[in-house]
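Under UniProt numbering, the first residue of the sequence shown carries the number 1, and numbering increases by one thereafter. Have a look at the structure below, then the notes.
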Amino acid sequence: MSELDQWVTEVAAELGLGDVEVPTREVLDVARDVAHNVLRPGAPVSAYLLGLAVAGGADPADAAQRISALALRRASPGE
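Here it is, written out as structure tokens:
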């Protein structure tokens with residue numbers, strides 16, 4: 001188990017979330033795309049919004065892809 005996986009397990013337990021599946025790769029990809037193409041402080045806020053969307057029933061992979069696509073379009077407005 002990686003250090004990140006251990007941290008996610010600890011945080012989930014602390015928040016009473018039980019054994020949740022966290023799409024770590026998708027969250028990290030969203031954070032990267034937003035930080036590099038929009039603005040750095042937008043990365044954690046976008047990750048939070050991703051979490052809200054998933055809590056509301058959105059598919060994690062689809063929601064992450066949509067946020068990343070939006071960030072990439074923002075970086076290339078003329079294309």
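Heads up, the beta-carbon is just placed ideally off N, CA and C, and yes, glycines get one too.
Local Cβ density within 10 Å of Ser2, reported as buried at 16 or more and exposed below that:
Numbered from 1 along the sequence shown, position 2 holds the residue referred to as residue 2. The residue in question, Ser2, is exposed, as its Cβ has fewer than 16 Cβ neighbours within 10 Å.
- Ignore the nearest five residues each way along the sequence and tell me which others in Trp7's own chain have a CB closer than 7 Å to its CB. Translated into positions along the sequence shown, residue 7 becomes position 7. Contacts found: none.
Quiz item: From Gly57, Arg73, Ala69, Tyr48, pick the residue whose C-alpha is nearest to that of Thr24; which is it?
Solution: The residue you call residue 24 lines up with position 24 of the sequence shown. Considering only alpha carbons, the answer is Tyr48.
Requested in this report: Starting from the Cα of Arg74, find the closest Cα among His36, Ala58, Gly56 and give me that residue.
Outcome: Along the sequence shown, read from residue 1 onward, the residue named residue 74 stands at position 74. The option with the nearest alpha carbon to Arg74 is His36.
Cα-Cα separation between Pro60 and Val22, rounded to whole angstroms:
By 1-based counting over the sequence shown, the position of residue 60 is 60. By 1-based counting over the sequence shown, the position of residue 22 is 22. Within the model, the alpha-carbon separation for Pro60 versus Val22 is close to 9 Å.
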